[in-house]
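In what follows, a structure is listed as structure tokens, so that the remarks can point back to it.
There are 2 protein chains.
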Amino acid sequence: MADDVFKALADPTRRLILDELVERNGQTLFEICGRLVTKHGLGLSRQAVSQHLAVLETAGLVITRREGRYKFHDLNTEPLEHIAGRWLGQKAPESTP
Amino acid sequence: MADDVFKALADPTRRLILDELVERNGQTLFEICGRLVTKHGLGLSRQAVSQHLAVLETAGLVITRREGRYKFHDLNTEPLEHIAGRWLGQKAPESTP
DNA sequence: TTGATAGGCAAGCCGAAACTTGCCTATGGT
DNA sequence: ACCATAGGCAAGTTTCGGCTTGCCTATCAA
Chain A
0 MADDVFKALA
10 DPTRRLILDE
20 LVERNGQTLF
30 EICGRLVTKH
40 GLGLSRQAVS
50 QHLAVLETAG
60 LVITRREGRY
70 KFHDLNTEPL
80 EHIAGRWLGQ
90 KAPESTP
Chain B
0 MADDVFKALA
10 DPTRRLILDE
20 LVERNGQTLF
30 EICGRLVTKH
40 GLGLSRQAVS
50 QHLAVLETAG
60 LVITRREGRY
70 KFHDLNTEPL
80 EHIAGRWLGQ
90 KAPESTP
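Line by line, the protein sequences give chains A and B.
Under numbering that gives the first Met the number 0, the residues of the first sequence are numbered 0 to 96, in order.
Under numbering that gives the first Met the number 0, the residues of the second sequence are numbered 0 to 96, in order.
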């Protein structure tokens, strides 16, 4: 469960994909491909991005909905909220003024 | 910078090490080895744990201090606090009562 | 000083992960 | 009906991460 989330976040390309989805939710595979190439200059194939999206989906960080021949990808931040708490929980909360 | 933190957290053994340091801070390499073997039943060599600790240290999650022939490992949770905020930042903060 | 304890360095092995390549399915427009 | 667009599947390659093995250094105690 949490293992999938950490493994998904381990790759810099996947973190960039999450960034793009924060900026504009509900993008298709081709849109994400275009953004990664033009805005960040990384040259990867469409299948590479597709596989990254699959990893993000099994981690629960991306939820997909199909409409016709389009498949839209929505960001789901819920798995991100409890991740660090595993080690921050019972710590003395240092001065947070 | 953040890349090191995510890569460090990607491995389940390293996450277990952080758990052990939460439970008891300032352990030596041999102490951590013993705990991983006895409490969690994983059979890994001392060098494996040493390499894991090195990864955690370059990520800033573990800080070491040397005293004589002992090297104590202290947890540093600071890099964990801003990790998820990258994607949670401009999201509507749900009810935190 | 010798031995035991705590740790470090470096090369090598192996399996998993990232990426490619090639082909296939499905939807929509004209 | 036809073709272009959006996406999927599967095998192959290559790179990288985790782990081992073997040996070396340093500190302390007797």
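Where a beta carbon is used, it is the ideal one built from N, C-alpha and C, also for glycine.
Remember, predicted model here, so these are calculated numbers, not experimental data.
Practice problem: List the residues of chain A that residue 2 of chain B touches, going by C-beta distances under 8 Å, in chain order. | Solution: Here residue 2 of chain B is taken as the residue at index 3 of the second sequence, counted from 1. Listed by position along chain A, the residues whose Cβ is nearer than 8 Å to that of residue 2 of chain B are 11.
Quiz item: Which residues in chain A sit within 8 Å of residue 80 of chain B, going by Cβ to Cβ distance?
Solution: Here residue 80 of chain B refers to the residue found at position 81 of the second sequence. Ordered by position in chain A, the residues that pass the 8 Å Cβ test against residue 80 of chain B are 83 and 87.
Self-check item: Closest Cα partner of residue 71 of chain B within the set B:9, B:25 and B:4
Solution: Looking up residue 71 of chain B in the second sequence gives position 72. Comparing Cα-Cα distances from residue 71 of chain B to each of B:9, B:25 and B:4, the minimum goes to B:25.
Self-check item: Below-8 Å beta-carbon distance, residue 52 of chain B vs any chain A residue
Solution: Taking the first residue of the second sequence as position 1, residue 52 of chain B is located at position 53. No, because no Cβ of chain A sits closer than 8 Å to the Cβ of residue 52 of chain B.
Quiz item: If you check the beta carbons only, do residue 48 of chain B and residue 32 of chain B fall under 8 Å apart?
Solution: The residue given as residue 48 of chain B occupies position 49 in the second sequence. The residue given as residue 32 of chain B occupies position 33 in the second sequence. Taking 8 Å as the Cβ cut-off, residue 48 of chain B and residue 32 of chain B qualify as a contacting pair.
Exercise. Return the bridge partner residues of residue 61 of chain A from the DSSP annotation.
Key: To locate residue 61 of chain A, count along the first sequence from 1; it is residue 62. As computed with DSSP, residue 61 of chain A is found in a beta bridge with A:74.
Quiz prompt | Buried or exposed (CB count within 10 angstroms, at least 16 for buried), residue 77 of chain A | solution = Your numbering for residue 77 of chain A matches position 78 in the first sequence. It counts as exposed.
Quiz item: Could one say the Cβ of residue 8 of chain A lies closer than 8 Å to chain B's Cβ atoms, at least one of them?
Solution: If you number the first sequence from 1, residue 8 of chain A lands on position 9. Under the 8 Å criterion on CB atoms, residue 8 of chain A is classed as interfacial with respect to chain B.
Self-check item: Under 8 Å between C-beta atoms of residue 79 of chain B and residue 87 of chain A
Solution: The residue you call residue 79 of chain B lines up with position 80 of the second sequence. The residue you call residue 87 of chain A lines up with position 88 of the first sequence. For the 8 Å CB-CB criterion, residue 79 of chain B and residue 87 of chain A form a contact.
Quiz item: If the cut is a Cβ gap below 9 Å, which residues of chain B does residue 17 of chain A touch?
Solution: Sequence index remark: in the first sequence, residue 17 of chain A carries index 18 (1-based). For the C-beta of residue 17 of chain A, the chain B residues within less than 9 Å are, from N- to C-terminus, 85 and 86.
Self-check item: Buried/exposed call for residue 5 of chain A, threshold 16 Cβ in 10 Å
Solution: Working through the first sequence from its first residue, we reach residue 5 of chain A at position 6. Burial call: buried.
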